[in-house]
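Notes to accompany the following structure.
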Amino acid sequence: MSAENSNPPSVEQRDPQYFGYYAQLQHQQNMLQDTVRTSTYRSAILLNGPNCFKDKLVMDVGAGSGVLSYFAAQAGASKVYAVEASDMARKMKKLVDAASEPLSRNGFMKDKIEVINAKIEQPDLPIPKVDTIVSEPIGVLLFHERMLESFIHARDTYLKPGGALFPSKGVIFLAPFTDAGLWTETIGKARFWQQDSFYGIDLNSLYQDAKDEMFGMPVVGHFDPQSLLSAPTAFDGYDVDFSTVSVKELQDMTIPFRWVSNYTGIMHGVAGWFDLLFAPPPYNTNNAQEDLNAPSTVVEMSTGPAAERTHWQQVRFLFKEPLAVNANQVVRGWMRCIVNDMRSYTIYVEAVVGDEGGLVDLSDPSNIATDRKFVEDSVHAHPLRRRGMWELQEQTYNYSYSPGMAPQESKPEYMCLYEPEGNMVIDMEGTTPAPDASNYINF
Numbered sequence: 010m011s012a013e014n015s016n017p018p019s020v021e022q023r024d025p026q027y028f029g030y031y032a033q034l035q036h037q038q039n040m041l042q043d044t045v046r047t048s049t050y051r052s053a054i055l056l057n058g059p060n061c062f063k064d065k066l067v068m069d070v071g072a073g074s075g076v077l078s079y080f081a082a083q084a085g086a087s088k089v090y091a092v093e094a095s096d097m098a099r100k101m102k103k104l105v106d107a108a109s110e111p112l113s114r115n116g117f118m119k120d121k122i123e124v125i126n127a128k129i130e131q132p133d134l135p136i137p138k139v140d141t142i143v144s145e146p147i148g149v150l151l152f153h154e155r156m157l158e159s160f161i162h163a164r165d166t167y168l169k170p171g172g173a174l175f176p177s178k179g180v181i182f183l184a185p186f187t188d189a190g191l192w193t194e195t196i197g198k199a200r201f202w203q204q205d206s207f208y209g210i211d212l213n214s215l216y217q218d219a220k221d222e223m224f225g226m227p228v229v230g231h232f233d234p235q236s237l238l239s240a241p242t243a244f245d246g247y248d249v250d251f252s253t254v255s256v257k258e259l260q261d262m263t264i265p266f267r268w269v270s271n272y273t274g275i276m277h278g279v280a281g282w283f284d285l286l287f288a289p290p291p292y293n294t295n296n297a298q299e300d301l302n303a304p305s306t307v308v309e310m311s312t313g314p315a316a317e318r319t320h321w322q323q324v325r326f327l328f329k330e331p332l333a334v335n336a337n338q339v340v341r342g343w344m345r346c347i348v349n350d351m352r353s354y355t356i357y358v359e360a361v362v363g364d365e366g367g368l369v370d371l372s373d374p375s376n377i378a379t380d381r382k383f384v385e386d387s388v389h390a391h392p393l394r395r396r397g398m399w400e401l402q403e404q405t406y407n408y409s410y411s412p413g414m415a416p417q418e419s420k421p422e423y424m425c426l427y428e429p430e431g432n433m434v435i436d437m438e439g440t441t442p443a444p445d446a447s448n449y450i451n452f
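Each residue of the sequence shown is one higher than the one before, counting from 10 in our numbering.
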């Protein structure tokens with residue numbers, strides 16, 4: 010997509026496949042069984058029940074199985090409009106209708122939930138202005154699948170002034186990582202095409218295409234938090250405030266980063282994840298409560314590598330050529346995320362070693378070529394600069410990391426990360442303590 014294109018691409022051609030996927034109970038079950046996700050939403054809704062749900066009109070955008078609508082009914086909502094575009098709406102209605110049967114255990118939702126089988130963007134839906142909107146519009150790295158745009162459309166069209174949004178904010182975190190095994194596995198896949206006699210056939214002409222393809226696939230999966238060369242703090246996130254962000258802003262985002270490496274090592278790419286925050290209004294006063302004596306009703310959830318696992322996992326973007334970094338060196342750059350016509354985003358990253366005024370300047374992300382020229386233009390080649398381009402929907406998966414199987418006394422050098430000598434503290438037994446957990450965000 011060209012940066013100059015003022016009309017974002019349509020996702021209509023992808024909708025049948027997209028909604029067909031979410032119409033299947035097995036995929037709804039996968040999300041429901043994510044206990045971090047489901048229990049966090051339930052806690053946020055019930056804890057804020059007295060102020061944001063009890064006797065309120067509520068909308069559930071992209072309701073899916075309807076679980077958030079059911080939680081809203083449990084919290085005392087007077088009416089819930091469950092908007093779902095897929096055929097899951099029919100299955101949801103079956104469950105809602107069963108609440109009217111004698112001796113139903115779901116009597117709390119009787120006459121409370123109206124299922125609307127439509128896209129929220131369709132005009133003239135039979136929905137009044139509501140007090141609260143709930144939704145789970147979240148994908149990999151927060152914005153994959155572009156459901157956030159529907160969430161914001163619902164806010165602009167149906168939410169009363171001063172109404173509540175659950176969730177109210179997302180925060181994206183980026184960090185440099187090392188993983189020689191993952192990089193080697195990826196280049197190994199490409200090297201299949203670097204042979205001159207596959208059953209007598211020379212495949213070499215496709216090697217570069219294979220390399221571009223393999224390294225252009227974001228790697229989704231959990232990874233060891235100790236593989237980060239620099240762990241972001243709570244202040245390093247990129248905020249997406251759902252109470253103020255516009256659809257246009259969601260369609261082209263640039264996330265700046267600046268890291269100071271804790272180790273000497275090899276940076277194989279950029280890792281990303283997100284946090285969600287559920288807070289009641291008002292949203293223009295740093296989420297301050299009108300009654301300062303009221304108990305806190307802000308609920309947070311993280312998908313970070315040190316947090317409890319979720320179905321979103323984390324995502325890593327591998328450089329085709331790793332970047333050598335010394336301890337205490339600055340790595341700075343940006344990630345630009347532009348919507349594409351596959352219900353996702355095209356990701357552009359530039360990273361350079363050295364602070365401002367150093368040996369290499371950082372490019373202006375607003376002026377880059379938004380196509381393959383971004384990574385192929387030799388003008389920007391420099392030993393201290395790396396660029397990459399990825400299609401977020403072209404995901405591959407890596408499940409090699411299992412926390413229970415990791416060595417209990419894991420050391421940075423096991424991952425070829427080397428602490429500066431001044432930081433090496435030797436204990437009585439001559440071993441180096443594991444990194445202080447306080448260096449990481451408390452996920």
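Don't be surprised by glycine CBs; every beta carbon is placed ideally from N, CA and C.
Beta-bridge annotation (DSSP): D350 is not paired with any residue. At the C-beta level, E130 and S177 stay beyond 8 Å of one another. At a Cβ-Cβ threshold of 8 Å, P289 and T306 count as neighbours.
The stretch 398-411 makes contact with the stretch 215-233; the number of CB pairs closer than 8 Å reaches 3 or more. The stretch 331-343 makes no contact with the stretch 249-260: fewer than 3 CB pairs, one atom from each, lie closer than 8 Å. Linking V384 to F28 through their CA atoms gives a straight-line distance of about 34 Å. Contact check for A184 against S239 passes: the beta carbons are separated by less than 8 Å. At the C-beta level, G281 and I181 come within 8 Å of one another. Taking a contact to require three or more Cβ pairs closer than 8 Å, the stretch 186-204 and the stretch 145-157 do not qualify as touching.
Its chain contains F186, T187, D188 and M424 as the residues whose beta carbon lies nearer than 7 Å to that of S236, once the 5 sequence neighbours on both sides are disregarded; these appear in chain order. One alpha carbon belongs to P421, the other to D233, and they sit about 11 Å apart.
Under DSSP, T263 shares a beta bridge with R345. For P25, the enclosing alpha helix (DSSP H) covers residues D24 to Y31. Residue burial is scored here from C-beta neighbours: E145 has at least 16 other C-beta atoms within 10 angstroms and is therefore classed as buried. Put simply, the backbone Cα of P314 is about 43 Å away from that of D133.
Taken atom to atom, the span from the alpha-carbon of G230 to that of F283 is near 14 Å. D69 is positioned such that its CB atom lies closer than 8 Å to that of V92.
For W321, there is no enclosing beta strand (DSSP E), as DSSP marks it with neither H nor E.
Your pair V143 and A81 checks out as a contact, with CB atoms roughly 6 Å apart and the cut at 8 Å.
If only uninterrupted beta strand (DSSP E) runs of at least 3 residues are considered, those enclosed by the stretch 22-99 are 66-70 and 88-92. Under the three-state reduction of DSSP output, D165 falls in the helix class.
A direct Cα-to-Cα measurement between M118 and A108 gives close to 6 Å. For G209, there is no enclosing beta strand (DSSP E), as DSSP gives it neither H nor E. Per DSSP, the continuous alpha helix (DSSP H) segment holding E222 begins and ends at Y216 to F224. By the C-beta criterion, the stretch 197-207 is judged not to be in contact with the stretch 81-90, since fewer than 3 inter-stretch pairs fall below 8 Å.
For L285, the enclosing beta strand (DSSP E) covers residues G274 to F287. Rounded to the nearest whole angstrom, the C-alpha separation of R99 and Y247 is 38 Å. Relative to T319, the option among K138, Y354 and Q42 whose CA is nearest is Q42. For W399, the uninterrupted beta strand (DSSP E) segment begins and ends at R394 to E400.
The DSSP-derived three-state label of I129 is coil.
In this structure, N349 sits away from P429, with a CB-CB distance that is not shorter than 8 Å.
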